[in-house]
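Enquirer: What follows is a single structure, and I will ask about it in a moment.
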Amino acid sequence: ESVDDAFFKRRVAAAVARRAALPELAGQQGLRLIHAESDGLPGVIADRYGDTVVVQLTTAGADKWRAAIADSLHKATGCARIYERSDVEVRNLEGLEPVTGWLLGDASGEELVITENGVRMAVDFLAGHKTGFYLDQRENRRRTAELARDRRVLNCFCYTAGFSLQALAGGAREVASVDSSGPALATAQRNLVLNPQLDAARAIWLEADVFAELRSLRAAGERYDLIVLDPPKFAHTAAHAERAGRAYKDINLHALQLLAPGGLLMTYSCSGGVDAELFRKIVAGAALDAGRRARIVQQLQGAADHPVDLAFPEGEYLKGLLLQVE
Ligand code: SAH
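And the structure:
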């Protein structure tokens, strides 16, 4: 198969069509259209937010075909605005400089807002993490809404409050959200304002280091019915798995101790270097040391627009567990 303009047109169109064929994805305003290797396009990420597509190119091959990729995305989606956010460090490995800017159209002055599971979320595609939003957690955030009713919720590593607002939408009694990033918390509070249907009086914002905050909350005698732990990638490669393992164990141990009897823990790892089996062992060790018996209610993974090609198991980076403690 020769790599030319037609190659990209075919593969981009096929990736877009695969999403359109899945009922839970069709019509989503925030949607990953291209998930790199697993869509047959290594180094190409494309996320759609309304009528804007944000592209991230991370390999030299993808970088070389920028124009063909942008043109194919425009043809496959009809979106007239395409922004490039190729400012990730991994490009250094390919000898590439950071590249950002509009490839098609321009909407620089406008606020980009999507609706996810009935909640409006601002997407900072210019400076936010990834392409501006963690689309991979869409289904897990929806699950949080289902579980939150009348619960006291703690959302750690909240970023722009995706899990927090879903918990409020689901009828949580109170939602405390922790993040160490001021700008992330500013967007989080902006998101709450964008959703006047939610009871803002039930939201508490804590700008803090989660490792320290979990300890302070315990010392203060706090108890929660539902805790979400969605930390950043602690292990960038398998070589960092051991150190990352200690960090995962620490937060899970302290979160488990903060749970009221019958409480729920939604705990995630997005480290490619820590596979699902290892993650489960780490969390099991944390439960043992916390002295809490816990059962797996559900195994969690990335949403369907982040598929894992069976021939590319390394693509399975996001895994999670929903635990119920005694
Ligand atoms: N759950 C979020 C995504 C989390 S991204 C969502 O659904 O959108 C990870 C977040 O962890 C980032 O916002 C980052 O600022 C924050 N973070 C990283 N290290 C931290 C630490 N030690 N303490 C608190 N927050 C931290």
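By the count of our numbering, the sequence shown reaches residue 970 at its end, each step adding exactly one.
The beta-carbon is built from N, C-alpha and C at its ideal position, and this holds for glycine as well.
(1) Given this structure, state the Cα-to-Cα distance separating residue 824 from residue 782, to the nearest angstrom.
(2) How would you label residue 796, buried or exposed, when you count the other beta carbons within 10 angstroms and need 16 or more for buried?
(3) Beta-carbon separation of residue 1014 and residue 729 under 8 angstroms?
(4) Helix, strand or coil for residue 880, going by three-state DSSP, please let me know.
(5) Between residue 915 and the rest of its own chain, which residues show a CB-CB distance below 6 angstroms, the 5 nearest in sequence each way excluded?
(6) How many Å lie between residue 885 and residue 892 at the Cα?
(7) Alpha carbon to alpha carbon, how far is residue 923 from residue 883? Give it in angstroms, no decimals.
(8) Taking residue 821 as part of the beta strand (DSSP E), name the residues at either end of that continuous run.
(9) Go through the residues and name those whose CB comes closer than 5 angstroms to any heavy atom of the ligand SAH, in chain order.
(10) Quick test of the definition: if touching needs 3 or more C-beta pairs under 8 angstroms, does the segment 799–818 touch the segment 685–699?
(11) Applying the 10 Å Cβ sphere with the 16-neighbour rule, what's the burial state of residue 805?
(12) In whole angstroms, give me the CA-to-CA distance for residue 660 and residue 819.
(13) Just to confirm, is the Cβ distance from residue 672 to residue 693 under 8 angstroms?
(14) Can you list, in chain order, the stretches of the beta strand (DSSP E) that have 3 or more residues and sit fully within the segment 681–715?
(15) Starting from residue 908, trace the beta strand (DSSP E) in both directions and tell me its first and last residue.
(16) Are the beta-carbon atoms of residue 874 and residue 807 separated by less than 8 angstroms?
(17) Check the C-beta distance from residue 717 over to residue 697 and give it rounded, since I have them as a contact under 8 angstroms.
(18) Taking Cβ to Cβ, would you say residue 826 is nearer than 8 angstroms to residue 870?
(19) Is residue 814 near residue 832, with beta carbons less than 8 angstroms apart?
(20) Here's the rule I'm using: 16 or more other beta-carbon atoms within 10 Å means buried, otherwise exposed. How should residue 770 be labelled?
(21) Which value, in whole angstroms, describes the spacing of the CA atoms of residue 948 and residue 859?
(22) I need the boundaries of the beta strand (DSSP E) containing residue 943, first residue and last residue.
(23) Quick check: what's the CA-CA separation for residue 767 versus residue 680?
(24) Report, in whole angstroms, the separation of the C-beta atoms of residue 822 and residue 852, which I expect to be a contact under 8 angstroms.
(25) Exposed or buried, residue 761, counting other C-beta atoms within 10 Å across all chains shown (16 or more means buried)?
(26) Do the CB positions of residue 966 and residue 931 come within less than 8 angstroms of each other?
(27) Can you tell me where the beta strand (DSSP E) holding residue 798 begins and where it ends?
(28) Looking only at its chain, what residues have a beta carbon closer than 8 angstroms to the beta carbon of residue 846, apart from the 5 residues adjacent to it on each side?
Expert: Based on what the coordinates show:
(1) 22 angstroms
(2) buried
(3) Not covered by the structure: residue 1014. The range shown for the chain is 645 to 970.
(4) coil
(5) 877, 878, 879, 888
(6) 10 angstroms
(7) 15 angstroms
(8) 818–823
(9) 778, 781, 801, 803, 806, 823, 824, 825, 828, 853, 854, 874, 876
(10) no
(11) buried
(12) 36 angstroms
(13) no
(14) 688–693, 696–701
(15) 903–913
(16) yes
(17) 5 angstroms
(18) no
(19) no
(20) exposed
(21) 35 angstroms
(22) 938–945
(23) 21 angstroms
(24) 6 angstroms
(25) buried
(26) no
(27) 796–800
(28) 812, 816, 817, 818, 819
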